[in-house]
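Shown next, in structure tokens, is the structure this report addresses.
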Amino acid sequence: HKQRLIALEKDRMLGQLAATISHEIRNPLTSTRGFIQLLNQKELTHYDQKRYIELALSGVDQANTIINDYLNYAKPSSGLHEQLDIKEEVEAMLRFIMPFATDHQVVIDILHENEDPLYILGESKKLRQCLINLIKNAIESMPDGGIITLTTCKLPNAVQVSIIDTGVGMSKTQLNSLGMPFYTTKEHGTGLGLVVVMSIIQMMNGTISFSSHLNQGTQCSLLFKQH
Ligand code: ADP
Ligand code: MG
Numbered sequence: 189h190k191q192r193l194i195a196l197e198k199d200r201m202l203g204q205l206a207a208t209i210s211h212e213i214r215n216p217l218t219s220t221r222g223f224i225q226l227l228n229q230k231e232l233t234h235y236d237q238k239r240y241i242e243l244a245l246s247g248v249d250q251a252n253t254i255i256n257d258y259l260n261y262a263k264p265s266s267g268l269h270e271q272l273d274i275k276e277e278v279e280a281m282l283r284f285i286m287p288f289a290t291d292h293q294v295v296i297d298i299l300h301e302n303e304d305p306l307y308i309l310g311e312s313k314k315l316r317q318c319l320i321n322l323i324k325n326a327i328e329s330m331p332d333g334g335i336i337t338l339t340t341c342k343l344p345n346a347v348q349v350s351i352i353d354t355g356v357g358m359s360k361t362q363l364n365s366l367g368m369p370f371y372t373t374k375e376h377g378t379g380l381g382l383v384v385v386m387s388i389i390q391m392m393n394g395t396i397s398f399s400s401h402l403n404q405g406t407q408c409s410l411l412f413k414q415h
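Plus 188 on top of the position in the sequence shown (first one is 1) and you've got full-length UniProt numbering.
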């Protein structure tokens, strides 16, 4: 019964999400249309022409980001849970995100507290997507660059991954809004990153927790059952 209830709730949430998404995509497309119309005027300075093109492109990019994030969420999972070494997953994700970190003057320190592999059950692609979304948020929380500390450790019967940044941090109200579709404080944010993260963690029967202080930084911890 409980399983069915959760499935129904997820369907309802996806339905609501789809409705809001059409709206969120229409906005940047409407503004893009406006700038293309402006470009159609006879006498335009070279400067204005360049500006309108850039604004039109940024509208298309924004729409594209929303579609990407949403499609990732809606993509069905393979349903196959394989044995994964969380340390290996962290390393693989890092190779992927490193250029983005370097671009933002962010250094990533890794601390594996155990020599041995730390096995959990899950789907590698989804887990990496989840780690990428979290690291991306950590990087974006440090506009002037900084350090991210990534740790993995073994607890009794469980495995923990933490992502610690020294960024802008969050207030209590902000913390309570995390994971709400379209909640974002960024100019070009989608507010879908954490929706995806939370849905993946739930699928893997894991837990996620945040602790944060304004202007000091944020720690996000993931907990999975050890396999
Ligand atoms: P987006 O990154 O597109 O804004 P997310 O769902 O990934 O959407 O994050 C939602 C919001 O949560 C962010 O806009 C930000 O306000 C807050 N947030 C998430 N992670 C962090 C972090 N590490 N530090 C500070 N704020 C964060
Ligand atoms: Mg994000």
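All residues carry an ideal CB built from backbone N, CA and C; glycine is no exception.
Put simply, the backbone Cα of K324 is about 11 Å away from that of G377.
Looking only at P369, K413, T406 and A280, the smallest Cα-Cα distance to M392 is reached by K413. Straight-line measurement puts the Cα of R283 at about 21 Å from the Cα of D304.
Not one heavy atom of the ligand ADP lies closer than 7 Å to the C-beta of M286. Distance from the Cα of I396 is smallest, within the candidate group L402, N403, Q404 and V384, for V384. Fewer than three pairs of CB atoms, one per stretch, sit closer than 8 Å, so the stretch 309 to 323 makes no contact with the stretch 360 to 369. With fewer than three CB-CB distances shorter than 8 Å, the stretch 341 to 349 does not count as touching the stretch 365 to 372. The Cβ-Cβ distance between H300 and T337 does not fall below 8 Å. Look at which beta carbons fall closer than 6 Å to any heavy atom of the ligand MG; those residues are N321, K324, N325 and G381. Under the 10 Å beta carbon count, Y235 is surrounded by fewer than 16 other beta carbons and is classified as exposed. Around the Cβ of D332, a 10 Å sphere holds fewer than 16 other Cβ atoms; the residue is exposed. The criterion of a C-beta distance shorter than 8 Å is not satisfied by I388 and L272. Every unbroken stretch of the alpha helix (DSSP H) spanning 4 or more residues and falling wholly within the stretch 246 to 300 is given here in chain order: 274 to 291.
Annotation for L366 indicates a beta carbon within 7 Å of some heavy atom of the ligand ADP. At a Cβ-Cβ threshold of 8 Å, V294 and G334 count as neighbours.
Shortest gap from the CB of E328 to any heavy atom of the ligand ADP: under 7 Å.
Burial is judged here by how many other beta carbons sit within 10 angstroms of a residue's own beta carbon; S329 has at least 16 and is buried. The residue among E231, T220, T233 and N228 with its C-alpha nearest the C-alpha of A251 is T220.
In this structure, A326 keeps its C-beta atom at 8 Å or more from the C-beta atom of G357.
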